[in-house]
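The block underneath contains the structure these notes are about, expressed in structure tokens.
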Amino acid sequence: MDLKTRGVRIVISVPDGGTAAGVARGTANGRLAVLGGISSLGTAGVVRPFSTASWRAGVERAVAVMAAREERTLVLCAGSGTEKGARRLLPQLPEVCFVEAGDFTGAALRGAVEHGVTQVVFVGTAGRLARLASGVLTTHYTRSKADTDLLAEITRTMGGPDELAARVAEAGAVPHAYELWEGAGLLGRAGRELCRRVAEVVERLTTEAGRTIAAQVVLVDPTGQRMIAMYGRLSR
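Residue numbers (this note's numbering): 7 to 242.
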């Protein structure tokens with residue numbers, strides 16, 4: 007066949023790529039307003055945003071799409087594990103409300119202020135919450151260090167003995183401090199105080215960005231599946 011005169015029409019498709027139960031269902035496309043199918047890239051068809059700029063842009067886009075859908079409750083999760091736990095806590099909210107913010111809590115909060123979000127729910131493990139309570143918005147462990155002195159202060163505030171507070175301050179990592187609280191029977195009280203301090207930080211930062219957004223904070227266990235403590239009222 008003479009391709010110069012006849013040409014060839016080529017159609018590339020993905021079986022079940024655009025159905026509600028198909029391949030697209032397992033991607034974040036719907037939350038980014040990419041509807042009706044998936045993008046075909048490489049051999050797996052999966053894009054992982056290894057650059058910080060692309061990940062941050064994805065978070066900002068997800069918040070904007072949520073707001074464009076006229077949803078006003080933003081649920082921020084560190085990753086897929088905490089998102090699963092968050093969706094069990096808030097089953098009435100649509101999928102678009104749940105955003106895996108990763109290390110970009112600050113970008114997500116600025117987007118929430120810009121797009122008129124009225125409530126932010128942050129669901130995280132003790133390590134993430136400890137960094138946020140210290141006012142650190144870039145929460146990756148390689149870029150920030152959780153303040154165990156802050157956790158020791160919380161220990162004392164919640165009635166823990168000085169000996170326990172000293173051990174918490176000397177803990178090499180937040181999971182160790184978490185275990186110390188748990189072993190001392192202080193996890194519920196100390197966890198709630200940690201959540202309260204994170205809520206204060208979130209509300210202060212959104213106020214500085216232009217508008218105060220009500221914050222609810224949930225501490226989950228290291229698996230991200232079980233709620234340990236909460237501060238603020240969750241929307242139902």
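Here a beta-carbon is modelled for each residue, glycine too, at the ideal position from N, C-alpha and C.
Discussion item. Please tell me whether A84 and T131 are closer than 8 Å, where the distance is taken between their beta carbons.
Written reply: Counting from 1 along the sequence shown, the entry for residue 84 is found at position 78. Counting from 1 along the sequence shown, the entry for residue 131 is found at position 125. Contact annotation: A84 and T131 have beta-carbon atoms nearer than 8 Å.
Fill in: Beta-carbon proximity check, A177 vs L170, cutoff 8 Å
Position 171 of the sequence shown holds residue 177. Position 164 of the sequence shown holds residue 170. Not closer than 8 Å, so no.
Worksheet item: Do the region 96-111 and the region 69-88 meet, that is, are 3 or more Cβ pairs less than 8 Å apart?
Response: yes
Worksheet item: When the Cβ atoms of the region 160-174 are set against those of the region 183-201, are three or more pairs found closer than 8 Å?
Response: yes
Discussion item. Just to confirm before moving on: does the CB-CB distance between S140 and L156 stay below 8 Å?
Written reply: Within the sequence shown, the letter at position 134 stands for residue 140. Within the sequence shown, the letter at position 150 stands for residue 156. Going by C-beta atoms, S140 is nearer than 8 Å to L156.
Worksheet item: Quick one, which of V119, R15 and E101 has its alpha-carbon nearest R217's?
Response: Counting from one through the sequence shown, the residue named residue 217 turns up at place 211. For R217, the nearest C-alpha among the options comes from V119.
Worksheet item: To the nearest whole angstrom, what separates the beta carbons of R123 and R75, a pair I think is in contact under 8 Å?
Response: For the purposes of this step, residue 123 is taken as residue 117 along the sequence shown, with counting starting at 1. For the purposes of this step, residue 75 is taken as residue 69 along the sequence shown, with counting starting at 1. It should be pointed out that residue 123 corresponds to Val in this sequence rather than to Arg. So it is not a contact: roughly 12 Å between Cβ atoms.
Worksheet item: Would the beta-carbon of V3 fall within 8 Å of that of V207?
Response: Nothing about residue 3 can be read from this structure; the chain reaches only from 7 to 242.
Worksheet item: Which class does A221 belong to by DSSP, given the choice of helix, strand or coil?
Response: To locate residue 221, count along the sequence shown from 1; it is residue 215. A221 falls in the strand class under three-state DSSP.
Worksheet entry | Cβ shell of P228 (< 7 Å), same chain only, five flanking positions each side left out | Counted from its first residue, the sequence shown places residue 228 at position 222. Excluding positions up to five away in sequence, the list reads T131 and P181.
Discussion item. Does V204 pass the burial test, meaning 16 or more other C-beta atoms within 10 Å, or should it be called exposed?
Written reply: To locate residue 204, count along the sequence shown from 1; it is residue 198. So V204 counts as buried.
Practice prompt. Using alpha carbons as the reference points, say which of S86, T212, M233 and E214 lies closest to E201.
Written response: Locating residue 201 in the sequence shown gives position 195, where the first residue counts as 1. According to the sequence shown, residue 201 is Cys rather than Glu. The candidate whose alpha carbon is nearest that of C201 is M233.
Worksheet item: Apart from the five residues just before and just after K90, which ones in its own chain have a Cβ nearer than 8 Å to its Cβ?
Response: Your numbering for residue 90 matches position 84 in the sequence shown. Result list for K90: G230 and Q231, in chain order.
Worksheet item: Does the distance from the C-beta atom of A158 to that of G197 stay below 8 Å?
Response: Here residue 158 is taken as the residue at index 152 of the sequence shown, counted from 1. Here residue 197 is taken as the residue at index 191 of the sequence shown, counted from 1. No. Outside cutoff.
Discussion item. What ranges does the alpha helix (DSSP H) occupy inside the region 63-138, keeping only unbroken runs of at least 4 residues that lie completely in it?
Written reply: 86-95 and 111-120
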